[in-house]
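> Mind having a look at this structure? Questions to follow.
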Amino acid sequence: MAAPVRFTDYTEAGPSLLTNPDRKIQASFRAAPMHVTVANTIRRQVLSAVPTVGFKTEPPEASDIHIEVNTTPLVNEMLMHRIGMIPIAVTDPSTFNPEEYEFRINIENVGRTPVNVTASDFVVVKKMLDGSPEVQLKTADFFPPDPITKETALITVLRPQYNMDSPPEKLSIRAIASVGTGRQNMRYSSVAQCSYEYTLDQDASKRNALFLSWMATSKKVPDPSKVSPDRMGELQREFDTLEVQRCYLQNEKGEPYDFTFHVESVGVFSVGTILHRAIVSCAELVTPYTALDVELPSNVVINKAVHRMAGGFEMVFQNEEHTLGNLIQTYLIERHVEGTEMPRLAYAGYKVPHPLRQEMVLLVAATDGEQATVIKAVAQVCTHLKAYFESLAQTWESAPKADEPKPVQKTVQAAAAAPAAARRATKRK
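Here's what the structure looks like:
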């Protein structure tokens, strides 16, 4: 971590955001020099730790969505699931109060043509907590149309009322929205994709050396001069398709240090905002454990290790999992086992005993066998990581990101109401 991380080669692609026409939903960038564990931690936090606003539907007894009438082809559970997957365009979840907003649909089809029920059919009201009359808000501010199709998400279809003696198909819903993260349910995830790859080494001599080695070991071709041009072309294409990915930039330890990230937003937050909030969440992840040597948090228990390891202790972290475990393990080894930081450790590792239980076990052994030494080392690593991620967030904020847009003066709006032609047979209440 000696050299500062630099974020470079930021580019955007794809359609514009739902909330900002000046930004695209896809972006890629390079980050280096960076430890692979840090890259993976950021990736996991992007997927699971950035708060968004959405409809909670699980468990059913605690669902945000209350279906009053549903005579559509979809059963209530499927209908709630579809609605729960619709992103709500709230760009600052920290200021969103779920008690102030209600989302309603009340629509029936009394005509002879099918009626599409979409997110545009929501009536959004703000309830005044002081008892004042509620205020109807613009639906497009919460459910903006797709920039390509110019439509909002389809919820269901009301079939025509062919038999006038039968009641028309109707849908009546009342819902609130909740703030959540992808860790709770992926419906709250702010991205459709977050991945990274090792940045390829463009050195032609290294690529050629890897190509020759690959032919000799995998294709049993020790002498390329004896291969026909056609066969050599086939081997080159096969190598360029997959094996070339092994020719990546490496540090003095032979480990990757340069990563190319690919991120796609669901359309509410820009990639720049998502990455900043994810990096901040990395700092927040380790913050509760920076004072372990002063007082153990309520979710941490430390016991003598049951393994046959002298000086080993198990620290059990409730409500934590691989993200924290791998991060702490890596830097305990980097700094206190293989490095020169004090106090000295003999071993550090972690495990998640059960994939369905939010529990992480950190196994640490000190050279002096003392419990206090183990706790102090973990606290120091968490303090170090907190400062590192706080600095990294500032670096990301100051890094150039394509063409920085001017501030948007108003919320992006398009047709808040569906086309009249599609609604002439629709009766609303």
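Going by the UniProt record's numbering, the letters in the sequence shown line up with residues 1 to 429, in that order. The C-beta atom is built at its ideal place from N, Cα and C for all residues, glycine as well. None of the values given here were measured: they were computed from a predicted structure.
Looking at the structure shown, is Asn208 part of a helix, part of a strand, or coil, going by DSSP?
helix
> Rounded to whole angstroms, how far is the Cβ of Ala31 from the Cβ of Phe259, which I believe are closer than 8 Å?
5 Å
> State the start and end residues of the unbroken beta strand (DSSP E) segment that holds Pro15.
Per DSSP, the continuous beta strand (DSSP E) segment holding Pro15 begins and ends at Arg6 to Ser16.
> Between the C-alpha atoms of Arg82 and Ala153, what's the straight-line distance to the nearest angstrom?
Cα to Cα, the separation comes out at about 9 Å.
> In the DSSP assignment, what residue or residues form a beta bridge with Tyr248?
Leu200
> Would you mind working out which of Thr52, Ala291, Ala377 and Val361 sits nearest Val179, comparing C-alpha positions?
Thr52
> Give the DSSP-derived three-state secondary structure of Glu134 in the structure shown.
coil
> Using the C-alpha atoms, what's the distance from Glu238 back to Ser218?
12 Å
> Using only alpha-carbon positions, find the residue among Lys253, Ala27 and Glu314 that is nearest to Ala366.
Glu314
> DSSP on His262, reduced to helix/strand/coil?
strand
> Between which two residues does the alpha helix (DSSP H) holding Ser28 run?
No alpha helix (DSSP H) holds Ser28; the beta strand (DSSP E) holding it covers Lys24 to Ala32.
> Return the first residue and the last residue of the beta strand (DSSP E) that Gly180 is part of.
From DSSP, the beta strand (DSSP E) with Gly180 extends over Ser178 to Gly180.
> Taking the straight line between their C-alpha atoms, what separation do you get for Gly182 and Glu284?
Gly182 and Glu284 have their C-alpha atoms roughly 16 Å apart.
> Is the number of C-beta pairs between the region 372-384 and the region 330-343 that are closer than 8 Å three or more?
yes
> Three-state secondary structure (DSSP) at Met164?
Annotated three-state conformation of Met164 is coil, per DSSP.
> CA-CA distance, Pro407 and Ser270?
The predicted position of Pro407 is uncertain, since its pLDDT is 38 and thus under 50; a value taken from the coordinates is nonetheless stated next. Looking at the two C-alpha atoms, the distance is approximately 13 Å.
> Helix, strand or coil, according to DSSP, for Thr19 in the structure here?
coil
> For Asn109 versus Leu158, is the C-beta distance shorter than 7 Å?
By the CB criterion at 7 Å, Asn109 and Leu158 fall inside the cutoff.
> Can you name the residues that DSSP bridges to Leu74?
Note: Leu74 sits in no beta bridge, so no partner.
> Go through its chain and collect everything with a Cβ distance to Ile148's Cβ below 8 Å, but skip five positions before and after it.
Pro15
> With a 10 Å radius around its C-beta and 16 neighbouring C-beta atoms as the bar for buried, classify Leu356 as buried or exposed.
exposed
> Please state whether DSSP places Lys401 in a helix, a strand or coil.
coil
> To which residues of the same chain is Glu341 closer than 6 Å at the C-beta, ignoring the five residues directly before and after it?
Arg335
> Are the beta-carbon atoms of Ser120 and Thr139 separated by less than 7 Å?
Ser120 is a Cβ neighbour of Thr139, given a cutoff of 7 Å.
> So which of Asp9, Asp141, Tyr188 and Glu99 has the shortest CA-CA distance to Asp130?
Ranked by Cα distance from Asp130, the first of Asp9, Asp141, Tyr188 and Glu99 is Glu99.
> Would you grab the beta carbon distance between Ile67 and Thr118 for me? Rounded to a whole angstrom, and I think it's under 8 Å.
Contact doesn't hold; Cβ gap of about 17 Å is too wide.
> Where does Ala417 land, buried or exposed, given buried means 16+ other C-beta within 10 angstroms?
With a pLDDT of 35 at Ala417, under the threshold of 50, the modelled position of this residue cannot be trusted, and the question is left open.
> Would you call the region 190-205 and the region 165-177 touching, i.e. three or more CB-CB distances under 8 Å?
no
> Would Thr71 pass as a contact of Ser63 if the rule is Cβ separation under 7 Å?
no
> Contact defined as beta carbons within less than 8 Å: I believe Gln45 pairs with Cys282. What is the distance between those atoms, to the nearest angstrom?
5 Å
> Are the beta-carbon atoms of Val352 and His322 separated by less than 7 Å?
yes
> Report yes if the CB atom of Val263 is closer than 7 Å to the CB atom of Ala27, and no otherwise.
yes
> Would you call the region 216-235 and the region 296-303 touching, i.e. three or more CB-CB distances under 8 Å?
no
> For the beta strand (DSSP E) that Leu275 lies in, which residues bound it at each end?
Taken as a continuous stretch (DSSP letters only), Leu275 belongs to no beta strand (DSSP E), being part of the alpha helix (DSSP H) at Val271 to Val286.
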